[in-house]
Structure formats: C-alpha cells, structure tokens
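Enquirer: Here's a structure for you.
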Amino acid sequence: MTARIIDGKAIAADVRGKVTDAVHRLLRDRGLVPGIAVVLVGQNPASKIYVRNKSNAVTAAGIRPFDQHLPATASEAELLDLIARLNADEKVNGILVQLPLPPQIDPQKIIAAIDPAKDVDGFHPLNAGRLAIGLPGLVPCTPVGCVMLAKTVHASLAGLDAVVLGRSNIVGKPVAQLLLAENATVTIAHSKTNDLPALCARADLLVAAIGRPEMVRGGWIKPGATVIDVGINRVAGEGGKSRIVGDVAYAEAAKVAGALTPVPGGVGPMTIACLLLNTLRATCAQNDLPAPNF
Ligand code: NAP
Numbered sequence: 015m016t017a018r019i020i021d022g023k024a025i026a027a028d029v030r031g032k033v034t035d036a037v038h039r040l041l042r043d044r045g046l047v048p049g050i051a052v053v054l055v056g057q058n059p060a061s062k063i064y065v066r067n068k069s070n071a072v073t074a075a076g077i078r079p080f081d082q083h084l085p086a087t088a089s090e091a092e093l094l095d096l097i098a099r100l101n102a103d104e105k106v107n108g109i110l111v112q113l114p115l116p117p118q119i120d121p122q123k124i125i126a127a128i129d130p131a132k133d134v135d136g137f138h139p140l141n142a143g144r145l146a147i148g149l150p151g152l153v154p155c156t157p158v159g160c161v162m163l164a165k166t167v168h169a170s171l172a173g174l175d176a177v178v179l180g181r182s183n184i185v186g187k188p189v190a191q192l193l194l195a196e197n198a199t200v201t202i203a204h205s206k207t208n209d210l211p212a213l214c215a216r217a218d219l220l221v222a223a224i225g226r227p228e229m230v231r232g233g234w235i236k237p238g239a240t241v242i243d244v245g246i247n248r249v250a251g252e253g254g255k256s257r258i259v260g261d262v263a264y265a266e267a268a269k270v271a272g273a274l275t276p277v278p279g280g281v282g283p284m285t286i287a288c289l290l291l292n293t294l295r296a297t298c299a300q301n302d303l304p305a306p307n308f
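Letter by letter, the sequence shown follows residues 15 to 308 in this note's numbering.
Following this line, the structure appears as structure tokens:
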C-alpha cells in the first residue's frame, strides 16, 4: 500500500481563506476587526520565528496585531501587568503568550492570568476543564488541526480505535479529548506505556506527539491506518546542515498507512490556521455572535 499524503499546507490554506472571508464579513456587517496580542518574552530564536510566522498570518487574515515584546529580564509582575492591560483592552480579542518563558516566570501563573474568553491558545485551566466535560470553549490549536486533518480522511471518527502517543497538556491530552468527543475509542500512551508497537498496531487512527525523531516505525502501524504526525524534531542532515523530521519514520510508514501527514507540511501549518480560527471564534463569542461553522 502507498499512503495518501494528507496535504496540511493546502488544508490550512483553505481554513485561512475561510477565516479571512469571515473577518471581512465581520467588518462589513458589524464594523468589528478581531485583534490578537502575541506576547514574546526574551530572544529565544525558535520563539522569534514562531511569533513572526504567527504575526504574518494574522495580518494576512485581516486580524489586527497587537504584538508585545518584553526583554528576557522581565519579571513575572511585569508580564502579569501587561496581561491585565491586554485583558482590559476591548480591541484585543485574543492573547497568546509564546512559550517557553524565561526561568524567573511561572508559565502556569501567566496562563491562569489570561482572560479565558481571550485565551486563543486554549491553555487556561477553565478552557481545559470545559473541553474535558464537553462544554464549548477555546481549544488548543494543534489538537484542533490534528482532528481537522483526520476528518479529511474519515467523514466520521466514531468507533475508530484511536491511539494518541504523548500526554502533554498542549497536544496529547486535548487531542485525546477531542477524539473522544468525536466518539473514537481513545487510548493515551506515554513514556511508561508497555509495548508501544503492539498498542499502535491496533490503531485505526494514530496520533504521534512525543518529540522523538522517527520513533514510530513502519512495522508499528496497522495496514491502512491514518497517521497524524505532530512531531517537529531537528536532526543532523547532509553536509553539516540540519533537517526537520517527525515522530514517525515517514518512508516506512508511507508503505503501510492508508493516509499520513508529512513533516513539514502536515500538522504545522494547521496550528497557525487554527490560531486564526480561535481568534475569530473568540471575537464572535465576545460580541454575542454565532460561532463560525467551519
Ligand atoms: P512534550 O510536552 O515533551 O510531551 C511529550 C510526550 O511524549 C510526553 O507525554 C511523554 O511521556 C511522551 N514521550 C516521550 N518519550 C516517549 C517515549 N519514548 N515513548 C512514549 N512516550 C514518550 O511534547 P509536546 O509539547 O506534546 O510536543 C510533542 C511533539 O510535537 C514535539 O516534537 C513538538 O515539537 C511537536 N509539536 C508540534 C506542533 C505543531 O504545530 N506541529 C505543536 C506542538 C508540538 P511522559 O508524559 O511520560 O513524559
């Protein structure tokens, strides 16, 4: 079998196009412009690239950016003060604090200080709780993107045996909650799980989010399964250069899986598209407008 490649770039472009159209309609019909504040503390090179990519996508979608940059020496109190001001600013509908934060700042304290209605990363305990008990709320972007990609292969996820590798609050747990809400039968695996290959071999839908380069081998995958590879791992490439690989051994998996996301070009582009979607959703909810239906 040769797997169908799930084109995350094209699917993300479609979502971004729909968000852009909806943003234009909001301005035309309601005079509203969604706004998002992306907050960067320090000079972490990877974070700077993520923030730049997010800001470019935000502007392209017609969303107003309120980017904030604090020095690496900023105190927790300074960041809390900035968040309080953004919470109170009516023009700011979404707030995202880029992680990781410098060691003097407790990320959980910062996440908990964000107004849950503006928490476009979906990391606030209130939003995590709402997701867990099946109430509407803001859901983390990467997990939403994973489920959208899976649904391009399966019209319904109901009854599928889904295995999620990884239990982080950012990816593994929320993706498992979303799959459960879609009526999949979900198993969450982690570093203490016994016999991962046998567990994965059961999965009709396998989501790998472990941050271990190419750990999932072709032989672990059930023939015909759908594989969503969340991993972004930088490894040594040819000529002293580095390259990005996922958590799944792509060439091996492509021979066994029914459908597979590439890295890069799979889940990654969906994360930013879903951030734009969350900003639109937050803006609609804050203005008592119906949620966008895509
Ligand atoms: P994380 O917080 O480090 O969590 C990794 C999870 O994988 C943990 O639950 C850990 O288990 C589990 N794990 C680690 N080694 C394992 C092993 N050998 N066997 C089984 N489970 C193992 O990572 P994360 O933030 O969830 O990110 C996961 C990957 O996704 C990373 O490569 C990250 O760069 C990528 N990512 C991509 C996007 C995107 O937009 N595409 C967004 C976010 C993250 P324990 O809980 O037992 O330690």
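Yeah, the Cβ is synthetic: ideal placement off N, Cα and C, and Gly gets one too.
Does the distance between the C-beta of V249 and the nearest non-hydrogen atom of ligand 1 fall short of 8 angstroms?
Expert: Residue mapping note: residue 249 aligns to position 235 of the sequence shown, counting from 1. Incorrect: V249 has no Cβ contact closer than 8 angstroms to ligand 1.
Enquirer: Of the choices K187, L210, E92, whose alpha-carbon is the least far from that of P157?
Expert: Here residue 157 corresponds to residue number 143 of the sequence shown, with the count starting at 1. Of K187, L210, E92, the residue nearest in Cα terms is K187.
Enquirer: Mind listing, in chain order, the residues whose beta carbon lies closer than 7 angstroms to a non-hydrogen atom of ligand 1?
Expert: The set, ordered by position in the chain, is T156, L179, G180, R181, S182, I184, V185, G186, A203, H204, S205, K206, T207, L210, A223, I224, G225, R226, M229, V244, G245, I246, N247, D261, V281, G282, T285.
Enquirer: Would DSSP call H14 helix, strand or coil?
Expert: Residue 14 falls outside the range modelled here, since the chain spans only 15 to 308, and no answer is possible.
Enquirer: Within a Cβ cutoff of 7 angstroms, which residues of the same chain sit near L93, ignoring the five residues on either side of it in sequence?
Expert: Locating residue 93 in the sequence shown gives position 79, where the first residue counts as 1. V55, L84, I119, I124.
Enquirer: Compare the beta carbon distance of G108 and V134 with 9 angstroms and say whether it is the shorter of the two.
Expert: Looking up residue 108 in the sequence shown gives position 94. Looking up residue 134 in the sequence shown gives position 120. Yes, the pair counts as a contact, with Cβ atoms nearer than the cut-off.
Enquirer: Whole angstroms are fine: how far does the CA of K62 sit from the CA of P14?
Expert: Outside the shown range of the chain, which is 15 to 308, sits residue 14, and nothing can be said about it.
Enquirer: What are the boundary residues of the beta strand (DSSP E) that includes V189?
Expert: Here the question's residue 189 lines up with position 175 in the sequence shown. It is not in any beta strand (DSSP E) - V189 instead sits in the alpha helix (DSSP H) that spans 186 to 195.
Enquirer: My output table needs one value for N70: the three-state DSSP class, helix, strand or coil.
Expert: On the sequence shown, residue 70 is found 56 positions in, with the first residue counted as 1. Three-state result, N70: helix.
Enquirer: Verify whether the separation of the beta carbon atoms of L110 and G76 is less than 9 angstroms.
Expert: Residue 110 sits at position 96 when you count from the first residue of the sequence shown. Residue 76 sits at position 62 when you count from the first residue of the sequence shown. In this structure, G76 does not lie closer than 9 angstroms to L110 by Cβ.
Enquirer: On the criterion of 16 or more Cβ atoms from any shown chain inside 10 Å, does T16 qualify as buried, or is it exposed?
Expert: For this step, residue 16 is matched to residue 2 along the sequence shown. By the neighbour-count rule (16 or more Cβ atoms within 10 Å), T16 is not buried but exposed.
Enquirer: T293 and I19 - do their beta-carbons sit closer together than 9 angstroms?
Expert: One-based indexing of the sequence shown puts residue 19 at position 5. One-based indexing of the sequence shown puts residue 293 at position 279. Not in contact: I19 and T293 (Cβ atoms no closer than 9 angstroms).
Enquirer: Here's the rule I'm using: 16 or more other beta-carbon atoms within 10 Å means buried, otherwise exposed. How should E196 be labelled?
Expert: Here residue 196 is taken as the residue at index 182 of the sequence shown, counted from 1. It is buried - the Cβ of E196 has at least 16 other Cβ atoms within 10 Å.
Enquirer: At the level of alpha carbons, what is the spacing between G254 and T34?
Expert: Translated into positions along the sequence shown, residue 254 becomes position 240. Translated into positions along the sequence shown, residue 34 becomes position 20. Distance between the alpha carbons of G254 and T34: 40 angstroms.
Enquirer: Helix, strand or coil, according to DSSP, for Q300 in the structure here?
Expert: Here residue 300 corresponds to residue number 286 of the sequence shown, with the count starting at 1. Here Q300 sits in helix by DSSP.
Enquirer: In whole angstroms, what separates the C-alpha of Q191 from that of G159?
Expert: Working through the sequence shown from its first residue, we reach residue 191 at position 177. Working through the sequence shown from its first residue, we reach residue 159 at position 145. One C-alpha to the other measures close to 13 angstroms.
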